[in-house]
Structure formats: structure tokens, C-alpha cells
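Only one structure is covered here, and it is reproduced in the block below.
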Amino acid sequence: MKKIFIIFFILAVVTGSFFIGGCSKSSNSDKKVDIFFPAGMERWEKSGQQFKTELEKQGFKVNLLFAKTADEQSKQVENAIKDKANCVVIGAVDSKTIGKALEKAKKNNIPIIAYDRLPMNTNAVSYYATFDNEGIGIAMGKYIVNKYNLKSGAGPYTIEFFQGADDDNNAHIINKGVMSVLKPYMDDGQLVVPSGQIDFKATNTPEWSPQNAAKRMEKLVAQYYGTRNLDIVLSASDSVTDGVIQGLMNAGYSGSWPFITGQDATKKNLAYVEQGKQGFTILKSADLINSKCIRMVKAVIDGSQLEINDVKTYNNGVITVPSYLCIPLIIDKNNIAQVH
Ligand code: BGC
Numbered sequence: 126m127k128k129i130f131i132i133f134f135i136l137a138v139v140t141g142s143f144f145i146g147g148c149s150k151s152s153n154s155d156k157k158v159d160i161f162f163p164a165g166m167e168r169w170e171k172s173g174q175q176f177k178t179e180l181e182k183q184g185f186k187v188n189l190l191f192a193k194t195a196d197e198q199s200k201q202v203e204n205a206i207k208d209k210a211n212c213v214v215i216g217a218v219d220s221k222t223i224g225k226a227l228e229k230a231k232k233n234n235i236p237i238i239a240y241d242r243l244p245m246n247t248n249a250v251s252y253y254a255t256f257d258n259e260g261i262g263i264a265m266g267k268y269i270v271n272k273y274n275l276k277s278g279a280g281p282y283t284i285e286f287f288q289g290a291d292d293d294n295n296a297h298i299i300n301k302g303v304m305s306v307l308k309p310y311m312d313d314g315q316l317v318v319p320s321g322q323i324d325f326k327a328t329n330t331p332e333w334s335p336q337n338a339a340k341r342m343e344k345l346v347a348q349y350y351g352t353r354n355l356d357i358v359l360s361a362s363d364s365v366t367d368g369v370i371q372g373l374m375n376a377g378y379s380g381s382w383p384f385i386t387g388q389d390a391t392k393k394n395l396a397y398v399e400q401g402k403q404g405f406t407i408l409k410s411a412d413l414i415n416s417k418c419i420r421m422v423k424a425v426i427d428g429s430q431l432e433i434n435d436v437k438t439y440n441n442g443v444i445t446v447p448s449y450l451c452i453p454l455i456i457d458k459n460n461i462a463q464v465h
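According to the numbering used here, the residues represented by the sequence shown are 126 to 465, in order.
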């Protein structure tokens, strides 16, 4: 038995995928899937609606709810117990605190699948469908390195960092990826951060909110960019970028327009990319993550075949969650036609 498992494991590593479970097919019509996502962001709303439609096509009963606060979302998860859901899919509002509610659901035999964001410090999560977040950070950093010819010693360029929310594990991982690429260029002076705000503690954006990013950008312009140009803004998401742009305008920034990054390929930000207000965004295809997540839902509900491709990256402090990491795509002026 041990031998068979080892052979299976080696095969899985070689092929880069893991298939688990049998192939039993049963009717989904009496199976309830509860999906709980954060409210107020285009990307989550669009992905959630698409996910619901796809599951319904396959016969599942779907309850899709959005929450503004961590408390509201915890209550939604607790209601899934009363609702006798067969599976909960969670895109956490607050990855650090949702664990308690998820554990109650797990105790009531409801399997939990994490969508895009990983709930921390809990053993309640069975599987995790996401994108390669460190890869996203690295890709952001490398784009800057190439665009500004940093490898050939160009610079100095000014840069400011606008990272994601502290309560979202993804934000930390993206920051790690970005810094692994850009830190050497800050150390040797090719990239200069006039505000000195480099650590995640100083650069995170609570709730990934445009308002919070705008306020910080206004302060930065007032203090550091009265007469100086800001060349680059490394912004971790489109919602943060919205705030960065608003903040630059509110503060009356009059230097040359910076190269601003983003993530999520929202409608408004794709338009910004076309207009040159934003340098690039990153497409996290809803179809892709949804298809992987649906396989996870089916696997926990009826034991059908599961596809995962990572069993080592996503440790949440308690367990390492078997994951499927989807590949994101950078969208800039050159390939924007692909998403229209
Ligand atoms: C996701 C990003 C998104 C952000 C704000 C993060 O968890 O990884 O794609 O921009 O949440 O919604």
C-alpha cells in the first residue's frame, strides 16, 4: 500500500497535478452549496455570480451571499449550519478571524473550500483554489525591472508601495514576491522611496479600500512630491489603484504621471490601462478558478475526481492546505485586446 502511494506521489509530482477520489456520479439536485464572498468589489461580485451560474447549471442549489464585515460573514457561515449546506465556499472578508465560524461548520460535517483567500490558523479548510500569489508579486516586480531597464543599471527612479490589506494573507504573499525582485534595486539606489515607507506595516491598505489608499497618497504627495516626480506606484490591486489615482488628483500632483500597477482586470481599470492612466492590471480569470473550485466542491460532496497542483505552499499556521494555484495573466496596452 505504502509503495503504491509513493509511486502515485512521484507520478503526481512529475505531472504537476494530483487527482484524488473516485468517479461516482450522483444527482446534485438536493445538494446545497453556500458561497460567502466579500461585498463591494467588482471582481468578487462578478466571480461569485459566474460561480453560482455554473454550479446551478450542474444542478446544485446555491446560496451566494456577500458580506461587508467579518462579523456579518461569520454569521453567514453559522447560518449555513442551520441551512444544512453540503459545502461552504469561502472568500474571507478577514482571513485571520473567520476560522472560528468555519470550525463550527466543520464540526457539523460541512466541508469548507477556500476561494482565492486562505483562512488562517484553522484546520477547518479542506481545499484551496487560488492563484499563484507570490508569482503575482514576482511578475509585478519583474515588469518594473524590465520596463525601467534596471538590470542595465538605469535609475534612480522614485517608487511608492501600496500593498493590500493586512488581514488578507494574499496581500502579505504578494508583498513578499514584489520585494524579492525589487529590494536589490532599492538597496543599490536605482529605486528610491522618498517616503521611506517600504515595510508592509507602513504600506498596507486596510480593506484594500480606495478611500484608504487615496488618503495615504494625498499625504505622500503633500510631503514628498511637491516638486519631485513620482515615477512608479506599485499598487497591489485595482481597487487600491483607484484610490492612488484619486489621491494624486485630490492632492493636485503636478509631476509627470507615474506608472501605476494593479490587479483584477476590472472594467474601469482596463479602461485606465487603455488610456495610459494605469500601466497594467492582472487578470485572474474567473472561469479558471471557478472550474477548479467546482471540482473541489464535487469532490467533497460526491467523491468525484479532484484536481490539485500544490501541497506545500499554503500553510495557514495550523495546516498546509492542498491547493490548486491558477496562473494569472498581466494585461497591459499590448495584449488588452485579449480581454475585450
Ligand atoms: C485578491 C486580489 C484582490 C483583493 C481585493 C485579494 O485577496 O487576491 O485579487 O484584488 O483581494 O479584492
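Just so you know, even glycine gets a beta-carbon here, dropped at the ideal spot from N, CA and C.
Could you tell me if residue i is buried or exposed, where buried requires 16 or more neighbouring beta carbons within 10 angstroms of its beta carbon?
i, result
"residue 271", "exposed"
"residue 297", "buried"
"residue 154", "exposed"
"residue 259", "buried"
"residue 456", "buried"
"residue 220", "buried"
"residue 460", "exposed"
"residue 394", "buried"
"residue 300", "buried"
"residue 150", "Residue confidence is low: residue 150 scores 39 on pLDDT, short of 50, so the model does not pin down where it sits. No coordinate-derived value is stated."
"residue 374", "exposed"
"residue 324", "exposed"
"residue 471", "There is simply no residue 471 to check, as the chain begins at 126 and stops at 465 in what is shown."
Excluding sequence positions up to five away, which residues of its chain have a Cβ less than 8 Å from the Cβ of residue i?
i, result
"residue 197", "218"
"residue 148", "Note that residue 148 scores a pLDDT of 34, beneath 50, so its modelled location is shaky and nothing firm can be said."
"residue 186", "154, 155, 156, 157, 158"
"residue 175", "411, 412, 415"
Please state if the CB of residue j and the CB of residue i are separated by a distance shorter than 7 Å.
i, j, result
"residue 211", "residue 156", "yes"
"residue 547", "residue 372", "Within the shown structure, residues of the chain are numbered from 126 to 465, placing residue 547 beyond reach of any answer."
"residue 417", "residue 254", "yes"
"residue 288", "residue 361", "yes"
"residue 337", "residue 330", "yes"
"residue 282", "residue 227", "no"
"residue 339", "residue 376", "no"
Give the single residue among the options whose Cα lies nearest to the Cα of residue i.
i, options, result
"residue 442", "227, 185, 248, 230", "248"
"residue 314", "256, 304, 280, 440", "280"
"residue 335", "352, 307, 366, 263", "366"
"residue 224", "420, 193, 203", "203"
"residue 266", "285, 170, 302", "302"
"residue 209", "215, 195, 188", "188"
"residue 321", "307, 349, 305", "349"
Which residues in the same chain as residue i place their Cβ atom closer than 6 Å to its Cβ, once the five residues preceding and following it in sequence are excluded?
i, result
"residue 384", "357, 404"
"residue 423", "429"
"residue 517", "Since the first residue of the chain shown is 126 and the last is 465, residue 517 is not available in this structure."
"residue 275", "310, 315"
"residue 172", "411"
Under 7 Å Cβ to Cβ from residue i, same chain only, skipping five residues before and after it: list those, please.
i, result
"residue 390", "406, 407, 408, 456, 464"
"residue 444", "248"
"residue 236", "212, 251, 425"
"residue 264", "455"
"residue 294", "220, 242, 243, 245"
Bridge partners of residue i, per DSSP?
i, result
"residue 163", "192"
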